[in-house]
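2 protein chains.
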Amino acid sequence: MDNKHTEISAIGEFGLIDRLTKDFPLHNDSTFKGVGDDAAVMSYGDKSVLVTTDLLLEGIHFDLRYVPLKHLGYKSAVVNFSDIYAMNGTPRQITVSLGISSRFTVEHIEELYEGIRLACDIYGVDLVGGDTSASVTGLVISITCMGDADRNEIVYRSGAKETDLICVSGDLGAAYMGLQLLERENRVAAGAKEGETFQPDFAGKEYILERQLKPEARKDIVKMLHEQGIKPTSMMDVSDGLSSELLHICKSSGVGCRIYEDKIPIDYQTAVMAEEFNLNLVMAAMNGGEDYELLFTVPLTDHEKIEKLKGVSMIGYVTKPELGAAMVTRDGSEIPVKAQGWNAFTQDK
Amino acid sequence: MDNKHTEISAIGEFGLIDRLTKDFPLHNDSTFKGVGDDAAVMSYGDKSVLVTTDLLLEGIHFDLRYVPLKHLGYKSAVVNFSDIYAMNGTPRQITVSLGISSRFTVEHIEELYEGIRLACDIYGVDLVGGDTSASVTGLVISITCMGDADRNEIVYRSGAKETDLICVSGDLGAAYMGLQLLERENRVAAGAKEGETFQPDFAGKEYILERQLKPEARKDIVKMLHEQGIKPTSMMDVSDGLSSELLHICKSSGVGCRIYEDKIPIDYQTAVMAEEFNLNLVMAAMNGGEDYELLFTVPLTDHEKIEKLKGVSMIGYVTKPELGAAMVTRDGSEIPVKAQGWNAFTQDK
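Going down the list, the protein sequences come from chains A and D. In this text, residue positions in the first sequence follow the working numbering: the first is 1, and each later residue adds one. In this text, residue positions in the second sequence follow the working numbering: the first is 1, and each later residue adds one.
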């Protein structure tokens, strides 16, 4: 090793992944699609196998002071399923590896697994393996999910075409506001006097809390699109934030985009909380992340079909690449879309 | 959660896995074999897909004071390939997830990936995905490997039959002795006076060091068995130690076994180091672990074929279950085989 030292924060997570994976030649015919999308695709016979993996670390991705273990297990599984749905596939199997520090008992880990089991039951996914080890530090959760799809049904990030409509399911920013609320209540609880019983004030905020603690993968949207005969030209799930994902699709597809500020779907509770916290609502929706909604593009000719779908919003359109990615604000001006999504390699969000 | 607290060390890693995974019903026809072997098996068309995963944590599975990052990368990949070979399959793809603490630079991680890349090149495996994140503590490496096999060629742990011969590839205990050597030299180096250049004394010990730092998966053995028309009745790789693996096969197959102390293959360097460290050589070979050799059983009728194979030792035979698992010592007495293999949930080895 020479003496060059590039801080990881200088190139970011995606820069690091690009750099690490660029020189891996593919050896097998069965490897149909490797690094660079939500899941890898392998081809075995008539069905393609999809695989995706997520690593969740205590103190980085979750804080056990306010996340119940069962919810954590549920969410850890569901975020992987979401990646398979984002390929237009069906999740089938997961492996779960855990690194467990000495403060956890068997019952703690069973609670975590209860959540994983519940997610598996609801989504019809099989646990097929894993690895369990002690950890000298915090809890480590690594989940790999495999799924399948007919090869010509798989939707990549790279298929968006000029004039395509940009759509997103559900609403955005709620999980982020839920996290703000949990962190505030945790600070208040920590400041409560000894003997004083602290009752967190969550009334009327159930939706944003559930979006943070127990998100769902949009199996229903994938099913609905299929039933309506709509095949997206590109798709991915919103985990790092809409801005970040839009830029991924633009980069992979070699296109630009325009999205409209007033079209971004936001729930009432999210708006109320943003007001209470004095946070910019649109920025929270664009960059908050952890929404696990589906962002996808469809040909302009599907406009009427999409318009009729419940729970899907058209937020903009795909442009020539030289126009870049921008948001059209309510007053008609354009501001560039920048990835300010959650980045595990920087201290501040 | 109720107030019951079972320490994980009380039931051990396998007890914990049994307990956690016993209530996971399988939902999909494509899930042919889930938890309970070296890899899971999924069925898609004519080929079965194999998947296995390993979680490696700094301070538990490796110590960066004496393990070069490139070697660590190589080994992390190879131990997964070994699990696929142990199913009589061919590794095809891996995903690599990393949790990286702030003391690592991009170049460090590239060094780790150099080792992974080398392993992928040598074994013809494709890197197809992963996840990279900051870690507030040490380095976390989670690798999932997928492979394939014709369904009727897959070898499980559960097929051993009474009178079958028990065979093992290569030799045992060397990786464990290599670790002892590295740990000693590290202690000596730590005690060296400031300014004093410390030169570790590794001459004549290259083999045991390589067995610890850069183990290989026995692709060659799987190929050779195939060429000779030998299909093992059961097989697994020796990662936790021969004793532990023998008990796995006995339990899964519902059989007992007898192995002969004087048949256990041990390299000359391993024996010399055991002498130098005043360690019981046979115990090191039985319980040291990290050998990544293949332990397998074949029908008695394959005796002549096996005898001709280079690098394979017959070490005993399969018995009725009521006879239990025992080692026949040089003086003809029998001692029970006990799993004293490496256990990440206990402090002492």
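Positions of the beta carbon are idealized from the N, C-alpha and C atoms, including for glycine.
Identified DSSP bridge partners for residue i
i      : result
I166/A : T297/A and G316/A
I143/D : D54/D and V96/D
T132/D : L98/D
A325/A : C257/A
F277/D : In DSSP, F277/D forms no bridge with anything.
D237/A : L294/A
Nearest candidate by alpha-carbon position, reference residue i, set the options
i      : options                           : result
K70/D  : D201/D, G89/D and P215/D          : P215/D
G73/A  : A86/A, K219/A, A119/A and Y85/A   : A119/A
G204/D : L56/D, D267/D and K308/D          : D267/D
G316/A : T163/A, K251/A, L213/A and M177/A : T163/A
C145/D : T270/D, P200/D, T52/D and V188/D  : T52/D
A161/D : T233/D, R330/D, D121/D and A326/D : The residue asked about is misnamed: residue 161/D is Lys in this sequence, not Ala. Looking at the Cα atoms, T233/D is the closest of the given residues.
A77/A  : Q180/A, L139/A, A217/A and G59/A  : A217/A
M224/D : E206/D, A174/D, S169/D and A271/D : S169/D
G129/D : V106/D, L139/D and I143/D         : I143/D
A86/D  : G288/D, L182/D, E293/D and E210/D : E293/D
S9/A   : I100/D, R92/D and S9/D            : I100/D
N280/D : I306/D, A174/D and G115/D         : A174/D
N28/A  : L127/D, E107/D and E110/D         : L127/D
A134/D : E7/A, I249/A and T329/A           : E7/A
Y123/A : T90/A, V106/A and G138/A          : T90/A
H108/D : H5/A, R187/A and P68/A            : H5/A
R117/D : M283/D, V188/D, K75/D and A339/D  : K75/D
Q269/D : K251/D, Y260/D, A325/D and I208/D : I208/D
S82/D  : E276/D, A271/D and D220/D         : D220/D
Simplified DSSP assignment, three categories, for residue i
i      : result
T90/A  : strand
W342/D : Any answer about W342/D is weak, because its pLDDT of 46 lies below 50 and its placement is not dependable; what the coordinates show is given next. Here W342/D sits in coil by DSSP.
D262/A : helix
M1/A   : Its pLDDT being 41, under 50, M1/A is placed unreliably by the model, and nothing is read from it.
I230/A : coil
P350/D : As displayed, chain D neither begins before 1 nor continues past 349, which places residue 350/D out of reach and without an answer.
D121/D : helix
G311/A : coil
T105/D : coil
G178/D : helix
G256/D : strand
I335/A : strand
L127/A : strand
D83/D  : helix
S9/D   : helix
F202/A : coil
D171/A : coil
Assigned exposure category for residue i - 16 Cβ within 10 Å defines buried
i      : result
S102/D : exposed
F104/A : buried
D46/A  : exposed
L300/D : exposed
K320/A : exposed
A80/A  : The question names Ala, but residue 80/A in the sequence shown is Asn. The residue in question, N80/A, is buried, as its Cβ has 16 or more Cβ neighbours within 10 Å.
P265/D : buried
E290/D : buried
V222/D : buried
F62/A  : buried
N88/D  : buried
N343/D : Any answer about N343/D is weak, because its pLDDT of 47 lies below 50 and its placement is not dependable; what the coordinates show is given next. N343/D should be labelled buried.
G229/D : exposed
T329/A : exposed
Integer-rounded CB distance, given that residue j should sit under 8 Å from residue i
i      : j      : result
S158/D : S253/D : 5 Å
V125/D : I154/D : Actually they are not in contact, since the Cβ atoms of V125/D and I154/D sit about 18 Å apart, beyond 8 Å.
M273/D : Q180/D : 7 Å
L50/D  : A149/D : 6 Å
S313/D : M286/D : Not quite, the Cβ-Cβ distance comes to about 14 Å (not below 8 Å), so this is no contact.
V255/A : E245/A : Rounded, the Cβ-Cβ distance is 14 Å, inconsistent with contact.
R92/A  : G147/A : 5 Å
V106/D : I11/A  : 7 Å
C-beta neighbour in chain C for residue i, strict 9 Å
i     : result
H71/A : The structure shown contains no chain C; its protein chains are A and D.
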